[in-house]
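For the sequence shown, the positions run 51 to 432 when this note's numbering is used.
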Amino acid sequence: MTPGRHADQPPTAGNRGGSVPFMLPGPPPMRETLAGWQQWRATRDSFASAPRLDRAAWRALSPRRRMLYDLHRAATHANLPLQQTPMSQAVARVLRGRIESNALKHKPSTRAGVMITGGGYQGKTETACEVAADFEDAWLDLHRHLNPDALPGTRDLHAPVAYAQTPVTAKPKSTCKAILGFYGADTKNMDLPGLVRQVAASISDHGTKALLLDDITRLRMHRADDQDVLDLIRAFMSMHVTLVLIGVDIYDTPAQITAWTRHLAGIEQQLRLMDAAPGMLTGGTMPEYLYRRTSGVVGLLERLIEDGCREAIDTGAERLTQALLDSVVLSLPDASSRDAGAGEIPDLPPGPARPGGKDASKRKRRRNTVFDDHGSASGTGT
Ligand SMILES: Nc1ncnc2c1ncn2[C@@H]1O[C@H](COP(=O)(O)OP(=O)(O)O)[C@@H](O)[C@H]1O
Ligand SMILES: [Mg+2]
């Protein structure tokens with residue numbers, strides 16, 4: 051998302067009749083290119099949530115301000131910030147430490163890489179990108195402190211972090227091309243050794259300290275070119291860069307979901323529903339309910355909450371209850387860019403029981419009918 055910068059704007063409510071208090075997101079930056087990565091890094095924290103209003107304050111707004119406020123709330127619920135999860139904290143600690151100490155190393159020895167593994171929608175991509183972007187912020191800052199005149203005229207060439215997504219049905223050549231695509235380097239008519247050399251040159255020319263290869267599990271290891279893949283990874287590892295491999299179950303770790311309630315409490319703080327009582331997500335049987343609906347997968351929770359908030363605003367309920375969430379059919383965002391065969395799409399947990407589909411008539415609108423009324427898991431994973 052590319053939310054507009056508006057930190058200097060007064061809050062929505064008090065500013066009647068003024069300018070539009072927040073901007074709608076533009077096209078999401080494509081992190082797979084240097085320019086897109088930089089744009090995402092620079093704007094990732096710039097979204098300001100809607101202020102909290104109670105019903106009386108909301109009613110006091112003009113119809114136009116009300117409409118804008120509701121739009122701002124919808125944008126808030128669609129741009130929920132990342133919460134700290136046990137996984138994200140563990141990943142952040144290891145990843146940041148590794149990238150940083152490798153970046154400070156002068157010895158020509160091979161840098162130890164990092165593998166991030168887990169199921170689909172568990173937050174691997176967002177967590178890794180966030181940590182890498184944080185590192186880059188700090189690294190650029192440090193650079194300016196150490197030598198403000200470093201690399202005059204070539205600032206745009208400095209890319210401390212490179213991010214590439216492994217293409218579906220990847221081979222070593224297309225993987226190299228994805229990396230070179232980040233740098234905008236030419237890849238025409240090159241054989242594999244040429245491409246690998248070009249990757250090494252791009253990494254070195256741009257001062258890249260961390261190379262993130264996302265969805266690496268698309269690069270299957272059961273083809274005739276196994277050896278090529280291993281050679282490729284080895285070659286990347288010798289390029290004096292911290293190689294960060296992100297994939298689904300690269301090796302097995304039991305996905306322990308702890309601190310679920312803390313995660314819910316964090317999200318609850320972000321919601322802008324006018325009849326929300328404290329403990330709306332964390333009290334009673336709500337944590338279990340939400341866990342059952344999402345299997346504890348943060349990406350599915352995010353989806354359920356966003357759609358639930360929309361329903362709560364549309365119906366005037368202005369709070370989330372299990373009955374209301376029962377009417378929300380879970381669907382997956384951006385699933386088309388994911389490789390189900392590589393395990394990037396989790397099984398959708400069975401929806402709430404709906405005897406005879408009676409509740410269906412209560413539903414105002416449906417986001418997606420594909421998974422409706424089956425009453426059982428309809429996952430697309432392997
Ligand atoms: N720590 C988190 N807190 C809240 N939402 C998260 C968190 N991590 C990921 N998400 C959301 O979950 C969704 C899936 O995350 P993503 O990083 O794409 O998962 P993966 O790469 O593991 O498939 C994204 O929409 C993201 O915003
Ligand atoms: Mg991912």
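Even glycine gets a Cβ: it sits at the ideal position worked out from N, Cα and C.
No experiment lies behind these values; they were computed from the predicted model shown.
Residue closest to L103, alpha-carbon to alpha-carbon, out of H208, Y119, G234, L354: Here residue 103 refers to the residue found at position 53 of the sequence shown. For the residues H208, Y119, G234, L354, the minimum Cα distance to L103 belongs to Y119.
Quick check on the contact list: which residues have their beta carbon closer than 5 Å to a heavy atom of ligand 1? L132, Q133, T135, S138, G170, Y171, Q172, G173, K174, T175, E176, V348, G349, E352
Assigned secondary structure, Q215 (DSSP; H/G/I helix, E/B strand, else coil): Stepping through the sequence shown from its first residue, residue 215 is reached at position 165. Note: Q215 maps to strand in three-state DSSP.
Which same chain residues, not among the five before or five after M80, have their C-beta less than 6 Å away from its C-beta? As a first step, residue 80 must be located in the sequence shown, where it is residue number 30. Taken in chain order, the residues that qualify are G86.
So, does the stretch 162-171 touch the stretch 278-294, judging by three or more C-beta pairs under 8 Å? yes
So, is R284 buried or exposed, given that buried needs 16 or more other C-beta atoms within 10 angstroms? Translated into the one-based positions of the sequence shown, residue 284 becomes position 234. Exposed.
Pair every Cβ in the stretch 328-344 with every Cβ in the stretch 368-376, then say whether three or more of these pairs are closer than 8 Å. yes
Whole angstroms is fine: what's the gap from P210's alpha carbon to F286's? As a working note, residue 210 is residue 160 in the sequence shown. As a working note, residue 286 is residue 236 in the sequence shown. Distance between the alpha carbons of P210 and F286: 16 Å.
Enclosing alpha helix (DSSP H) for G358 [first to last residue]: Locating residue 358 in the sequence shown gives position 308, counting from the first residue. Residues 348-365.
Cα-Cα separation, A315 to R114: Looking up residue 315 in the sequence shown gives position 265. Looking up residue 114 in the sequence shown gives position 64. If you take the alpha carbons of A315 and R114, they lie about 32 Å apart.
With the cut-off set at 7 Å, would you say L132 and E176 are in Cβ contact? Taking the first residue of the sequence shown as 1, we reach residue 132 at position 82. Taking the first residue of the sequence shown as 1, we reach residue 176 at position 126. For L132 and E176, yes; Cβs fall inside 7 Å.
Smallest Cα separation from H256: which of V246, R194, H208, M289? Residue mapping note: residue 256 aligns to position 206 of the sequence shown, counting from 1. Among V246, R194, H208, M289, the Cα nearest to that of H256 is on H208.
Would F232 and L84 qualify as a contact pair, given that the criterion is a beta-carbon distance under 7 Å? In the sequence shown, counting from the first residue as 1, residue 232 sits at position 182. In the sequence shown, counting from the first residue as 1, residue 84 sits at position 34. Yes, Cβ-Cβ distance for F232 and L84 is below 7 Å.
Identity of the residue in P101, P78, L280 nearest R91 by Cα: Position 41 of the sequence shown, counted from the start, is the residue given in the question as residue 91. That would be P78, whose Cα lies nearest to the Cα of R91.
At a threshold of 6 Å, does L242 count as lining ligand 3 (C-beta to nearest heavy atom)? Ligand 3 is not part of the structure shown, which contains ligand 1 and ligand 2 as its ligands.
Please work out which residues of its chain come closer than 6 Å, Cβ to Cβ, to A326, disregarding the five sequence neighbours upstream and downstream, and give them in chain order. For this step, residue 326 is matched to residue 276 along the sequence shown. These residues qualify, in order along the chain: R369.
Inter-residue spacing [alpha-carbon to alpha-carbon] between L192 and N239: Counting from 1 along the sequence shown, the entry for residue 192 is found at position 142. Counting from 1 along the sequence shown, the entry for residue 239 is found at position 189. The straight-line gap from Cα to Cα measures roughly 39 Å.
Check each candidate in P400, R388, L398 and name the one with the smallest Cα separation from T219. The residue you call residue 219 lines up with position 169 of the sequence shown. That would be R388, whose Cα lies nearest to the Cα of T219.
What is the residue span of the beta strand (DSSP E) that I166 lies within? For the purposes of this step, residue 166 is identified with residue 116 of the sequence shown, where counting begins at 1. I166 -> beta strand (DSSP E) spans 164-168.
Cut-off 6 Å between Cβ atoms - residues of its own chain near A5, not counting five sequence neighbours on either side: Look at the range of the chain in this structure, 51 to 432, and you will see that residue 5 is not part of it.
Buried versus exposed, by CB contacts within 10 Å (16 or more), P396: Indexing the sequence shown from 1 puts residue 396 at position 346. P396 should be labelled buried.
Could you say which of G297, Q277, L280, P400 lies nearest to I266 if we only look at CA atoms? Indexing the sequence shown from 1 puts residue 266 at position 216. Considering only alpha carbons, the answer is G297.
Do you know offhand how far A153's Cα is from D364's? The count along the sequence shown starts at 1 and reaches residue 153 at position 103. The count along the sequence shown starts at 1 and reaches residue 364 at position 314. Answer to the nearest angstrom: the Cα atoms are 50 Å apart.
Bridge partners - V298, DSSP secondary structure assignment: As a position in the sequence shown, residue 298 is number 248, starting the count at 1. Here V298 is bridged, per DSSP, to G168.
My guess is that V379 and G349 are in contact by the Cβ rule of under 8 Å, so how many angstroms apart are they, rounded? Position 329 of the sequence shown, counted from the start, is the residue given in the question as residue 379. Position 299 of the sequence shown, counted from the start, is the residue given in the question as residue 349. Wrong, their Cβ atoms sit about 16 Å apart, outside the cutoff.
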